Structures are given as C-alpha cells and as structure tokens.
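Taking it in order: structure first as structure tokens, then the write-up.
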Amino acid sequence: MPTVNETLIERITLVPGLMSGKPTIRGMRFTVSDILELLSSGLSENEILEQHPILEKEDIKAALLYASFKMKNTMIIHAS
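Take the sequence shown: its position 62, counted from the start at 1, is 61 in numbering that gives the first Met the number 0, and no numbers get skipped.
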C-alpha cells in the first residue's frame with residue numbers, strides 16, 4: 000500500500016514537450032513552480048483553488064512535497 004507521500008508525488012508528472020519538460024501537475028499546463036509562485040505571492044490554498052478550479056487540494060500539497068524533495072537533494076554553493 001503506497002504511503003500518503005507516494006500517492007501525492009504520483010500527481011507530479013514529467014512529460015517531454017509539455018512545459019519544456021518541467022514537472023507539472025497531473026500532466027496539465029500547471030508546473031510545480033507555478034503553484035509555488037502563487038503561494039509565495041500571498042494567495043491561500045483556497046484562493047488558488049477558487050481561481051483555478053481544475054486544481055485540487057492534493058495538487059498543491061504534491062507541489063510542496065516535490066519542491067521539498069528536490070531541495071533536500073540539492074547542494075547550494077555560496078559564492079565568496
């Protein structure tokens with residue numbers, strides 16, 4: 000039985016030719032970065048869902064989870 004995180008992460012798709020191959024939500028023209036930008040602009044989860052009814056609450060959670068996984072596996076080097 001898949002965990003909650005495994006079920007969520009399955010919503011993130013990488014489709015060559017769609018959105019330049021960036022990670023998208025369920026193969027739609029919404030990228031993970033689109034969701035992050037909406038959240039960082041100050042929109043709440045409910046506001047995003049109202050403005051974009053094609054999205055589901057789990058899509059937003061999946062985008063955050065995917066971004067978190069990517070950051071955990073990214074080395075950041077600061078210029079001196």
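Think of the CB as a built atom: it goes at the ideal place given N, C-alpha and C, for glycine as much as any other residue. No experiment lies behind these values; they were computed from the predicted model shown.
Classify A62: buried if its beta carbon has 16 or more other beta carbons within 10 angstroms, exposed otherwise. Its Cβ being crowded by 16 or more others within 10 Å, A62 is buried.
Per-residue DSSP class, three states only, for T6: In the three-state reduction of the DSSP assignment, T6 falls in the helix class.
Is the Cβ-Cβ distance between E57 and R28 less than 9 Å? The answer is no: Cβ separation not under 9 Å.
Unbroken alpha helix (DSSP H) runs of length 4 or more, entirely within the segment 26 to 71: which are they? Correct list: 31 to 39, 44 to 50 and 56 to 71.
Spatial neighbours of N4 within its chain, please: CB distance less than 8 Å, with the 5 preceding and 5 following residues excluded, ordered by chain position. The beta carbon of N4 sits closer than 8 Å to those of L64, all from its chain and outside the five residues before and after it, given in chain order.
Does the distance between the C-beta of L17 and the nearest non-hydrogen atom of the ligand FMN fall short of 8 Å? The ligand content of the structure shown is nil, which means the ligand FMN is not present either.
Can you have a look at M70 and say buried or exposed, based on whether 16 or more other CB atoms are within 10 angstroms of its CB? M70 comes out exposed.
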